[in-house]
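Protein chains in written order, with this note's numbering: chain P, 1 to 311; chain E, 1001 to 1311. The beta carbon of each residue, even a glycine, is placed where N, CA and C say it ideally should be. Each remark here refers to the structure printed beneath this line.
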């Protein structure tokens, strides 16, 4: 298991599901914390297929309130109640989420009794918020409906402890070594002061995941994506359908790639693929994007990708 | 293709989906008319897997407003809009359906523009209503929430035309024969009057499908199921869990079988199977029911069953 985290693409389609692509949902682990980006119809079953217990999901981040991004919420939340969940679940997203969920409860007469925290926002920017193993912030994107992109940053992790150097300096095994790893200087029995830098390498670069769908290429997405490790970006259409992308406030593969290049990301995932692009045409999107930004991947349902891995 | 009709089990589980059983949904064709009984999360994808275009669905009959029976409606209705549907879709079920659908439209800001007719009822009995290739009526069942069972009756079909007898009687090929098939007497050129009974056999027995979930065994279900060809009935639990069935207002396999026997149905399908019963335990349900009523089948996701076929 990758220590940093993992992405699991549960659904990578757009608007209309197909047998190849479910509607948008991405499961993410950062450190020990699991969350979802969007929750389309069928997400609870996709999680099962990936052997990820929904009970482990602590947070759900909703981009916007179009049906293809939220129609899996009622089922997942209800199933968690039936499965006996007692711990908190946080849902984050634009204003209207609470009304949506209250409406469902009222119609079905089925109350959620575990602590369900709905966090709504409406400002152009929101966060960063510290959620334990990661921080999150959101920026408004450019879509036909109020829609947010999210950036998830790992917490800084300690650098590598140099065992050999520690032995050479005569630092005994025990709490002193742990203190050094956590950035504290220690004083040995013989009175020598040891600074962490002597035995602990520099902290590894923070890995960041950015999730931007549905949107035109925009400043909000570019800002969020700045030097991120992984950008998952709207790529609904091929270049030939750019006019359609403009009309429907989505992006083409080329536009996603251009934004990835401008933002200096490491890896781009084309996401939210229109069902008019079959498997062969999906390859076209990939080629179009790679001509602009080499480190591009085409997202696929059920693809698992370590957060540490580069394209 | 069976001329009478066909059942396609899209989901046969209960409350919590599993990888073996989706939540309840049954696609039915009677004559040329397609409809759904319940519409659980994932129904639109299950239809695709069965190569049934959702555009062909003319009616959706909802048993009750618990989430596992309706959470596929928002996605299916929205997708039909996106797919350019222009013809009518009728949804039938208990009061509250319209509020549910209006709430979804309001939250997503996405209006359904094709003619969507929502028919709500709250009386203990409703119908029969003539819907072209079949008639439907509903009775209140016995569940923790207002819940309806449905009976679908084929229209009477003409009997078999006896070609040999027609030749012997000198009835020319043409509209006269068609009139006879449709029950009208004709007069031949030589003045002889021919009554339909001379060349047309008795009409085949009307096939009826009855859908009763979620419910305790009750008078409503028994009345609906009277001498039906096929009864699809709640069978959430095994006999060992009868107390649980009573507490949750569901039925055991044995109770479903007893009701099928009392009602004189031809074939019983055990349906709405709790996910605590795995494949082996599903066989236990079947054995328990068959001891009471031999013509019992265990429903399975993706099972197709001609309306004409007997267990």
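Going by beta carbons, residue 1156 of chain E and residue 1030 of chain E fall outside the 8 Å limit. Taking each of E/1196, E/1224 and E/1144 in turn and checking the Cα distance to residue 1159 of chain E, the smallest one comes out for E/1196. The Cβ atoms of residue 1038 of chain E and residue 1069 of chain E lie closer than 8 Å to each other.
When secondary structure is reduced to three states using DSSP, residue 129 of chain P falls in the strand class. For residue 1220 of chain E, the secondary structure class from DSSP, reduced to helix, strand or coil, is helix. Nearest C-alpha to residue 55 of chain P among P/63, P/83, P/275 and P/49: P/83. Out of P/61, P/233, P/170 and P/76, the CA that lies nearest to the CA of residue 48 of chain P is found in P/76.
Shortest Cα-Cα distance from residue 1264 of chain E to any of E/1295, E/1188, E/1007 and E/1240 involves E/1295. Contact annotation for residue 1292 of chain E against chain P: no contact, minimum CB-CB distance about 29 Å [criterion: below 9 Å]. Across the structure, residue 15 of chain P and residue 251 of chain P are spaced so that their CA atoms are roughly 14 Å apart. The bridge partners DSSP lists for residue 137 of chain P are P/151. Residue ranges of uninterrupted beta strand (DSSP E) with 3 or more members, entirely inside the segment 1208-1272 of chain E and ordered along the chain, are 1208-1212, 1230-1234 and 1267-1271.
The alpha-carbon separation between residue 103 of chain P and residue 1127 of chain E amounts to approximately 30 Å. Residue-level contact check: residue 45 of chain P touches chain E, since one or more beta carbons of chain E fall below 8 Å from its beta carbon. A direct Cα-to-Cα measurement between residue 1304 of chain E and residue 1239 of chain E gives close to 27 Å.
For residue 197 of chain P, there are no neighbours in chain E by C-beta distance under 8 Å, as the nearest C-beta there is about 51 Å away.
Per the Cβ contact rule, the segment 1131-1150 of chain E is in contact with the segment 1210-1221 of chain E (3 or more Cβ pairs under 8 Å). Residues of chain E with a Cβ closer than 7 Å to the Cβ of residue 78 of chain P are, in chain order, 1067. Cβ contact annotation for residue 1218 of chain E (same chain, cutoff 8 Å, sequence separation greater than five): 1141 and 1142, in chain order. As for any alpha helix (DSSP H) of minimum length 4 sitting wholly inside the segment 1278-1304 of chain E, the runs are 1279-1292, ordered along the chain. Burial state of residue 1253 of chain E is buried, judged by a 10 Å Cβ sphere holding 16 or more other Cβ atoms.
Relative to residue 1259 of chain E, the option among E/1224, E/1237 and E/1191 whose CA is nearest is E/1224.
By the rule that beta-carbons nearer than 8 Å mark a contact, residue 138 of chain P does not touch chain E. The beta carbon of residue 1311 of chain E sits closer than 6 Å to the beta carbons of 1267, 1295 and 1297 from its chain, once the five residues preceding and following it are set aside; these are given in chain order. Judged by DSSP in its simplified three-state form, residue 44 of chain P adopts helix. For residue 1018 of chain E, the closest of E/1274, E/1110 and E/1292 by C-alpha to C-alpha distance is E/1274.
Residue-level contact check: residue 1304 of chain E does not touch chain P, since none of the beta carbons of chain P fall below 8 Å from its beta carbon. Counting along the chain, residue 94 of chain P sits inside the beta strand (DSSP E) bounded by residues 89-94. Here residue 130 of chain P is exposed. Its C-beta has fewer than 16 other C-beta atoms within 10 Å. When DSSP reads this structure, residue 1025 of chain E sits in a beta bridge with E/1011. In the three-state DSSP reduction, residue 112 of chain P falls in the coil class, being neither helix nor strand.
Taking a C-beta distance under 8 Å as the contact criterion, residue 96 of chain P and residue 65 of chain P qualify as a contact pair. In this structure, residue 1091 of chain E sits near residue 1062 of chain E, with a CB-CB distance shorter than 8 Å. Residue pairing from DSSP places residue 60 of chain P in a beta bridge opposite P/36 and P/91.
Between residue 1226 of chain E and residue 1256 of chain E, the gap from beta carbon to beta carbon reaches 8 Å or more. DSSP places residue 178 of chain P inside the alpha helix (DSSP H), whose first and last residues are 175-181.
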